[in-house]
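A.B. asks: Count along the sequence shown from 1, add 184, and you get the number used in the numbering used here. Here's a structure for you.
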Amino acid sequence: MVKVISDITAIIIAGGNSFRIGEDKAMLTLNGITIIERTFNLLQNIFSKTIIISNNTHNYKFLTKKIYKDIFPGLGPLSGIHSGLKHSQTNINFIISCDLPLINSQTINFIISKNSESDIILPKTESIIHSLCGIYKKSCLETAENLLQNANTKINERNSKTKVKLFDLINSVRTDYIELSREKFYEKDVMFNMNTLNDYEYLKARMNNQ
Numbered sequence: 185m186v187k188v189i190s191d192i193t194a195i196i197i198a199g200g201n202s203f204r205i206g207e208d209k210a211m212l213t214l215n216g217i218t219i220i221e222r223t224f225n226l227l228q229n230i231f232s233k234t235i236i237i238s239n240n241t242h243n244y245k246f247l248t249k250k251i252y253k254d255i256f257p258g259l260g261p262l263s264g265i266h267s268g269l270k271h272s273q274t275n276i277n278f279i280i281s282c283d284l285p286l287i288n289s290q291t292i293n294f295i296i297s298k299n300s301e302s303d304i305i306l307p308k309t310e311s312i313i314h315s316l317c318g319i320y321k322k323s324c325l326e327t328a329e330n331l332l333q334n335a336n337t338k339i340n341e342r343n344s345k346t347k348v349k350l351f352d353l354i355n356s357v358r359t360d361y362i363e364l365s366r367e368k369f370y371e372k373d374v375m376f377n378m379n380t381l382n383d384y385e386y387l388k389a390r391m392n393n394q
């Protein structure tokens, strides 16, 4: 029997409507299964605790009741990570966006096996850093909150929309990077990020050919 991990919370950053796709990409289907359901089921087999962060909470109630909104809405993915860390009951958390439909348990287990004293541990493939797939600890929550509060203050002062960059957090705390592409198990598309309709069509064709 496979032992599930109880001291790490899996946090899915679902976002919501995609500007480039024109709808909620988490609800798009691959082989009849929604992308968020694929991600949720994969994580359920690894972690005993999984929560979803999204401002479209009604979309995912068929999966779990543990769905939380951004505390600082409209400020980008850092806001989702902040909400996830705020609602998590564990120090160590595995953050993943719902647009990595080809990621597998071997890759996830490898990432969490590289846990260290750092606040954030992120995978990279050659020059690409995958900032929405990695370990984020409660220790970076205060920094994240300060960044978001400062951005919120600027919005109120200027009466204009802005976003705080996730890398503002990553570069402000202790961050480790782990190279995936040198590992024997690594497959080229395992970290494929679905951002456009062309990406979605590619994934559908790829799965139909398997």
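Note that the Cβ used here is the ideal one computed from N, Cα and C, for glycine as well. Predicted model only: the values in this text are computed from it and were never measured.
Does the Cβ of G258 have 16 or more other Cβ atoms within 10 Å, making it buried, or fewer, making it exposed?
C.D. replies: exposed
A.B. asks: Entirely within the segment 223 to 291 and at least 3 residues each: give me those beta strand (DSSP E) ranges in chain order.
C.D. replies: 231 to 238, 276 to 281
A.B. asks: Measuring only the C-alpha atoms, how far is M185 from K308?
C.D. replies: Summary for M185: the model assigns pLDDT 48, below 50, so the residue's position carries little reliability; its value from the coordinates is reported in the next sentence. Near 31 Å, if we compare the C-alpha coordinates of K308 and M185.
A.B. asks: For M185, which three-state DSSP category applies?
C.D. replies: Because M185 carries a pLDDT of 48, less than 50, the predicted location of this residue cannot be relied on, and no value is offered for it.
A.B. asks: Enumerate in chain order the residues of its own chain whose CB-to-CB distance from I189 is below 8 Å, with the five nearest sequence positions on each side excluded.
C.D. replies: I230, F231, S232, I296.
A.B. asks: Leaving out the 5 sequence neighbours to the left and right, which residues in its chain are closer than 8 Å to M375 when beta-carbon positions are compared?
C.D. replies: Sequence-distant Cβ neighbours of M375 in its own chain, meaning closer than 8 Å and more than five residues away, are L284, L286, I287, T291, P307, T309, I312, H314, C317, L364.
A.B. asks: At what residues does the alpha helix (DSSP H) containing Y386 begin and finish?
C.D. replies: 381 to 392
A.B. asks: Compute the Euclidean distance between the alpha carbons of T380 and I205, then round it to the nearest angstrom.
C.D. replies: 5 Å
A.B. asks: Less than 7 Å separating the beta-carbons of I304 and I235?
C.D. replies: no
A.B. asks: If you run the structure through DSSP and keep just helix, strand and coil, what is E363?
C.D. replies: strand
A.B. asks: Which word fits K209, buried or exposed, when buried means at least 16 other C-beta atoms lie within 10 angstroms of its C-beta?
C.D. replies: buried
A.B. asks: Can you look up D352 in the DSSP assignment and give me helix, strand or coil?
C.D. replies: helix
A.B. asks: Would you kindly report the start and end of the unbroken beta strand (DSSP E) that includes C317?
C.D. replies: Note, C317: beta strand (DSSP E), 317 to 321.
A.B. asks: In three-state terms, what does DSSP make of I205?
C.D. replies: coil
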